[in-house]
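*Asks:*
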Amino acid sequence: MTVPVPVPEVVLREYGPAVSVPLDAEAGRALAASGILESATPDPGREGHWLLRAGSRVGAVRSTPGGPVVRITPKTPVSRLFFLLGFSLDPARAWRDSREGTVDTGAYDDVVPALAHAVERQIDAALRRGVLQGYREVEESALVVRGRMREAEQIRRHFGRTPPVEIAYDAYTADTAENRILRAAAERLLRLPGVPGPVRRRLVHQRVRLADALPLVRGQELPRWQPSRLNSRYQPALRLAEAVLRGSSPEHRPAGSEPLAVDGFLLDMNKLFEDFVTVALREALREDGLTARLQDPHHLDTAGLVRMRPDLVVRTGDGRTPIAVVDAKYKVEKADGLLNADLYQALAYATVLGLREAHLVYAAGRRPERFHEVRGTAAGPEGRGVRLYQHSLDLSREPDRFMSALRDIAGRLADATPHSRL
44 MTVPVPVPEV VLREYGPAVS VPLDAEAGRA LAASGILESA TPDPGREGHW LLRAGSRVGA
104 VRSTPGGPVV RITPKTPVSR LFFLLGFSLD PARAWRDSRE GTVDTGAYDD VVPALAHAVE
164 RQIDAALRRG VLQGYREVEE SALVVRGRMR EAEQIRRHFG RTPPVEIAYD AYTADTAENR
224 ILRAAAERLL RLPGVPGPVR RRLVHQRVRL ADALPLVRGQ ELPRWQPSRL NSRYQPALRL
284 AEAVLRGSSP EHRPAGSEPL AVDGFLLDMN KLFEDFVTVA LREALREDGL TARLQDPHHL
344 DTAGLVRMRP DLVVRTGDGR TPIAVVDAKY KVEKADGLLN ADLYQALAYA TVLGLREAHL
404 VYAAGRRPER FHEVRGTAAG PEGRGVRLYQ HSLDLSREPD RFMSALRDIA GRLADATPHS
464 RL
């Protein structure tokens, strides 16, 4: 019997067909338990092989120490993917000028190399005028009094005797929350599979520049920082660094087993597209004096047992009256252009909110816009029933093109009748 040799790297395509890969049982079970793939099952036709199919997550991960690297390539061009990410991280600035939302990915067309390049360039720009310093409260035991004495600790630890003295004081240091986050992101990227040599060397250099910041303990919450005039030059790097740290090592706990640490970086395209569409529409609607609530909670039934969370509910400026509802869908239309479950969901939103129309925004489609008028719904002032609109954004185009399409959608939402209760 021939034993298949495990491959060092597995390349999958986002929502692509399943690929048969030689894997040992441990690596296969780890991938199946991780939840990072759409499916991972033993190949019934080939012993020692597993059928792996990617879903909406893209990037690169290693599920077991020494196991194969699973690299998932996106359908969307990498530069466009990072535009969506950059916009979602800093929407106010990106909305004013779409070029501001562009994240520099260099010449790399794979997620991890592009991410590592982008973060390193942002850190370099943040540190160009020197490492930011700030005041931080320090508590320690010392031989001399500095700052203020911690009397309770002095009594508890030393029964009131001195020295040493339990003290607290404010230190002016580079060991700030901002520098800790940047250092942690650089170190995290250095551990990812597939970071190119030139980018890796530059990341090592940035880590040296941030050596006075203490390293973060893996698994703990990220330190908090507040945007201010003093750290304004750090803010683009901090937002991208936090995205790295939050998306780099997801942990999953299958039933009856220990937590599984997945070493890598993954972006969920479903969540990224939803965030981009809703945040972009919210920014556009502000120009019309309207408010928009993301993930607005409602109930389908009067008993409050069936929960609903539309991606975006547009309301009048005072926030009281709903005028439109939007759901973003990172999927492609079927051959007949219909996605029945999505239409039923949109109709439920319109019914609960008392609206004459609901909107679905897709990441791809054969037509920029289409609508369906629902039979049996009461006619409104225009003499028609509830309409369900389907819009599509072509993410393969330049950002200016699909940003213009989003502005058109926002204009249609703003023109909806405020008091169109059913």
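For the sequence shown, the residue numbers in our numbering are 44 to 465.
Heads up, the beta-carbon is just placed ideally off N, CA and C, and yes, glycines get one too.
Run through the DSSP bridge pairs and tell me what A168 is partnered with.
*Replies:* Indexing the sequence shown from 1 puts residue 168 at position 125. Answer by DSSP bridge pairing: none, since A168 is not bridged.
*Asks:* Spatial neighbours of V238 within its chain, please: C-beta separation below 7 Å, excluding the five flanking residues on both sides.
*Replies:* Translated into positions along the sequence shown, residue 238 becomes position 195. V155, P156, A159, L232, listed in sequence order.
*Asks:* CA-CA distance, R296 and D67?
*Replies:* Numbered from its first residue, the sequence shown carries residue 296 at position 253. Numbered from its first residue, the sequence shown carries residue 67 at position 24. Low confidence applies to R296: its pLDDT is 33, below 50, so where it sits in the model is not reliable enough to give any reading.
*Asks:* Going by Cα to Cα distance, which pick from P266, S131, H342, R272 is closest to F319?
*Replies:* Taking the first residue of the sequence shown as position 1, residue 319 is located at position 276. Of the listed residues, the one whose Cα sits closest to F319 is S131.
*Asks:* Using DSSP's beta-bridge definition, name the partner residues of Q278.
*Replies:* For the purposes of this step, residue 278 is identified with residue 235 of the sequence shown, where counting begins at 1. According to DSSP, which records beta bridges pairwise, Q278 is partnered with nothing at all.
*Asks:* Which two residues bound the contiguous alpha helix (DSSP H) that contains R455?
*Replies:* Within the sequence shown, residue 455 is the residue found at index 412, counting from 1. First-last of the alpha helix (DSSP H) with R455: 442 to 457.
*Asks:* For the structure I just gave you, are there three or more beta carbon pairs, one from the region 81 to 93 and one from the region 278 to 287, closer than 8 Å?
*Replies:* Contact between the region 81 to 93 and the region 278 to 287 is absent, because fewer than three Cβ pairs lie under 8 Å.
*Asks:* Alpha carbon to alpha carbon, what distance is there between D218 and L174?
*Replies:* Taking the sequence shown and counting its residues from 1, the one referred to as residue 174 is at position 131. Taking the sequence shown and counting its residues from 1, the one referred to as residue 218 is at position 175. Contrary to the premise, residue 174 reads as Val rather than Leu in this sequence. Their backbone Cα atoms lie some 10 Å apart in a straight line.
*Asks:* Between V417, A211, V162, which lies nearest to A227 when the distance is taken from Cα to Cα?
*Replies:* By 1-based counting over the sequence shown, the position of residue 227 is 184. Minimum Cα distance to A227 is reached at V162.
*Asks:* Below 8 Å on the Cβ atoms is my guess for G98 versus Y58; work out the distance and round it to an integer in Å.
*Replies:* Locating residue 98 in the sequence shown gives position 55, where the first residue counts as 1. Locating residue 58 in the sequence shown gives position 15, where the first residue counts as 1. About 6 Å separates the two Cβ atoms, so the contact holds.
*Asks:* T119: buried (16+ other C-beta within 10 angstroms of its C-beta) or exposed?
*Replies:* By one-based count along the sequence shown, residue 119 stands at place 76. Classification for T119: buried.
*Asks:* Might you give, ordered along the chain, the residues of its own chain that have their beta carbon closer than 6 Å to the beta carbon of G177, omitting 5 neighbours on each side?
*Replies:* Indexing the sequence shown from 1 puts residue 177 at position 134. Within the same chain, G177 has close Cβ partners T219.
*Asks:* Are T321 and L337 touching if we call contact CB-CB under 8 Å?
*Replies:* As a working mapping, residue 321 is identified with position 278 in the sequence shown. As a working mapping, residue 337 is identified with position 294 in the sequence shown. Cβ distance < 8 Å, so T321 and L337 count as in contact.
*Asks:* How is the alpha helix (DSSP H) around E221 delimited, first residue to last?
*Replies:* Translated into the one-based positions of the sequence shown, residue 221 becomes position 178. Run containing E221: 220 to 233, per the alpha helix (DSSP H) assignment.
*Asks:* Excluding the 5 residues preceding and the 5 following R245 in the sequence, name in chain order all residues of the same chain whose CB lies nearer than 7 Å to its CB.
*Replies:* As a working note, residue 245 is residue 202 in the sequence shown. Closer than 7 Å at the Cβ level, and outside the excluded window around R245, lie E163.
*Asks:* Given this structure, state the Cα-to-Cα distance separating A286 from R325, to the nearest angstrom.
*Replies:* In the sequence shown, residue 286 corresponds to position 243, counting from 1. In the sequence shown, residue 325 corresponds to position 282, counting from 1. When rounded, the distance between both Cα atoms is 21 Å.
*Asks:* Have a look at N274, N222, R243 and flag the residue whose alpha-carbon is nearest the alpha-carbon of A256.
*Replies:* Translated into positions along the sequence shown, residue 256 becomes position 213. Nearest C-alpha to A256: N222.
*Asks:* From what residue to what residue does the beta strand (DSSP E) around D339 run?
*Replies:* If you number the sequence shown from 1, residue 339 lands on position 296. Note, D339: premise wrong, no beta strand (DSSP E); not H, not E.
*Asks:* Between which two residues does the beta strand (DSSP E) carrying P411 extend?
*Replies:* The residue given as residue 411 occupies position 368 in the sequence shown. That residue, P411, is in no beta strand (DSSP E); it is neither H nor E in DSSP.
*Asks:* Beta-carbon separation of L396 and V356 under 8 Å?
*Replies:* Against the sequence shown, residue 396 aligns to sequence position 353. Against the sequence shown, residue 356 aligns to sequence position 313. The answer is yes: Cβ separation under 8 Å.
*Asks:* Shortest alpha-carbon distance to L309 belongs to which of F316, A169, R289?
*Replies:* Indexing the sequence shown from 1 puts residue 309 at position 266. Checking every option, the nearest Cα to that of L309 belongs to R289.
*Asks:* Can you tell which of E317, A459, Q165, L343 has its C-alpha closest to the C-alpha of L225?
*Replies:* As a working note, residue 225 is residue 182 in the sequence shown. Checked all of E317, A459, Q165, L343; the closest Cα to L225 is Q165.
*Asks:* So what does DSSP say about S131, is it helix, strand or coil?
*Replies:* Along the sequence shown, read from residue 1 onward, the residue named residue 131 stands at position 88. In the structure shown, S131 sits in a helix (DSSP, three-state: H, G or I).
*Asks:* Spatial neighbours of L390 within its chain, please: C-beta separation below 8 Å, excluding the five flanking residues on both sides.
*Replies:* The residue labelled residue 390 in the question sits at position 347 within the sequence shown. The residues are A401, V417, V429, L431.
*Asks:* Using a 10 Å radius around the Cβ and a threshold of 16 neighbouring Cβ atoms, would you call F445 buried or exposed?
*Replies:* Position 402 of the sequence shown, counted from the start, is the residue given in the question as residue 445. By the neighbour-count rule (16 or more Cβ atoms within 10 Å), F445 is buried.
*Asks:* Can you name, in chain order, every residue of its own chain whose Cβ lies under 7 Å from the Cβ of D152, other than the five neighbours on each side?
*Replies:* Numbered from 1 along the sequence shown, position 109 holds the residue referred to as residue 152. Around D152: V121.
*Asks:* Measuring only the C-alpha atoms, how far is R234 from V113?
*Replies:* Against the sequence shown, residue 234 aligns to sequence position 191. Against the sequence shown, residue 113 aligns to sequence position 70. Roughly 15 Å separates the two Cα atoms.
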